[in-house]
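Contents: one structure, followed by commentary.
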Amino acid sequence: MDTPQISAPPCTPPGSPGFPSDVTPTSGVLHVNTRHISGFTVIGNHLAQHCDLSLIAIGLAAHIQSLPAGAKVGIKVLVERFPYTHPQPERICMVSSPHEAMHRIFQEYPGLFSRVSEVLGIDIPPPTSVTILPTDLTEARPVERRVDTLLRIETRDDGPFLLAIESQGKKDPGKTTSWPYYVTYLHNRYGGLPVLLLVVCQDHATAEWAARPLTIGLRQWQTLTLNPLVAGPHNMPVITNVADARKDLALATLAAITHADNPDVGAILKTLSAALREAPEDIADPIVELTAQGLGNRPAAQQWRNLVAVDTSFYKSFMSEEIRDEGRVEGRVEGRAEGLAEGLAEGQARGLLLIFEVRGIAVTNKIREKITNCSDPQLLSQWLENATTASSAEEVVGQPQAD
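Residue numbers (full-length UniProt numbering): 1 to 403.
Written out as structure tokens, the structure is:
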């Protein structure tokens, strides 16, 4: 490559002022330059470092530059060369476990929305099939946007529609612009399919805020009005009947999560736990985990752990295994503590008898037995203190009971 590079020279001229030949940069870009004699493409910095082109556009331009003269570069050819995939990179931001559980339950149980819509009073036909779609709504250049869960739901009579699910833990003014964007983008991307936005909340204030219509346009004429469908503690059922919970474990789980702050959450969780006892492991285990995740760090989370710990024999989930491990550790710690207490009491009893012997105080067999059988270190400590001045063993430990 003999084309000069303006911003990244192929090498530093030996002996250049301020650039000794034996100095290598310790940070920034490090160039390893190899002169090619074939199979290379020269690309100018005006393209590679273009400030107005996206990274995708620069890469595409570089690919086209590398093709031989006369090669076809139509859309069909490029699509075949670079088939579109739906990457799912890890989220950069940290999200709370309740946030994940409130929308991920619809991924685990896609048919759940049919029952939720019925609870919310919306007449939506039962789905005939559900497809989990990519959640990445990012375009080529704008800020990355992701909906929490996106489902394509097929219905028998009304055709397919898209269900976008958002977990909302608190009021967020930014959603007034992102939610309409999600809906309009999805409507455009998926060929005009109807889009329904479901927002799942855990407190009344957030649910009330999320349910307000979002409008875009002028005061005199609203161009767009978005009406989110909201599920939360204000409209999800409080399920405290085991038979009702067994009928629909997924709905019972979502109801328990949305009622995490309900004063009767203990009864709700107890009902769910009882309903899971007869459920197969592959059904019970995900629900145990989703419920724990959905309760987050609320006091109800510990109640759920206690319920699982009561009968971990039928739970095989990660959380039940964690509880069992904690029990083993606590057992070992308690065992050590009991051993130390027993050793301390035994030493105190010997010391007390030694004091009596040194002071020449007679000790009957019954008093000796009472001292050696005592396991209360605090009482033995008091006896030791009294033994230094007492005139008899009975004065220290009292009269033993007669046979």
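Virtual Cβ for every residue (Gly too), placed ideally from N, Cα, C.
Bridge-paired residues (DSSP) for residue i
| i | result |
| --- | --- |
| residue 127 | 155 |
| residue 161 | 153 |
| residue 166 | 199 |
Contact under 8 Å by Cβ, residue i with residue j
| i | j | result |
| --- | --- | --- |
| residue 243 | residue 202 | no |
| residue 133 | residue 180 | no |
| residue 253 | residue 272 | yes |
| residue 166 | residue 147 | yes |
| residue 65 | residue 34 | no |
| residue 127 | residue 114 | yes |
| residue 355 | residue 380 | no |
| residue 71 | residue 43 | no |
| residue 231 | residue 200 | yes |
| residue 300 | residue 265 | yes |
| residue 250 | residue 236 | no |
| residue 205 | residue 234 | no |
| residue 469 | residue 137 | The question about residue 469 has no answer, for the chain in this structure spans 1 to 403. |
| residue 371 | residue 394 | no |
| residue 210 | residue 183 | no |
| residue 102 | residue 294 | yes |
| residue 218 | residue 269 | no |
| residue 47 | residue 58 | yes |
| residue 352 | residue 390 | no |
| residue 149 | residue 82 | no |
Three-state secondary structure (DSSP) of residue i
| i | result |
| --- | --- |
| residue 172 | coil |
| residue 244 | helix |
| residue 132 | strand |
| residue 146 | strand |
| residue 177 | helix |
| residue 249 | helix |
| residue 35 | coil |
| residue 50 | coil |
| residue 262 | coil |
| residue 98 | helix |
| residue 69 | coil |
| residue 137 | coil |
| residue 82 | coil |
| residue 120 | coil |
| residue 58 | helix |
| residue 419 | This structure cannot speak to residue 419, because the chain is shown only from 1 to 403. |
| residue 42 | coil |
Quiz prompt | Ranges of the alpha helix (DSSP H) found wholly within the segment 180 to 238, counting only runs of at least 4 | solution = 204 to 210
Exercise. Say whether the segment 183 to 190 touches the segment 166 to 175, bearing in mind that this needs 3 or more beta-carbon pairs closer than 8 Å, one atom from each stretch.
Key: no
Quiz item: With contact counted as at least three CB pairs below 8 Å, one residue from each stretch, are the segment 149 to 162 and the segment 273 to 292 in contact?
Solution: no
Exercise. Return the chain-ordered ranges of every alpha helix (DSSP H) run that is complete within the segment 336 to 385 and spans a minimum of 4 residues.
Key: 365 to 372
Quiz prompt | the segment 272 to 284 / the segment 207 to 227 touching (three or more Cβ pairs under 8 Å) | solution = no
Exercise. With a floor of 4 residues, list each alpha helix (DSSP H) that falls wholly inside the segment 267 to 298, ordered by position along the chain.
Key: 281 to 295
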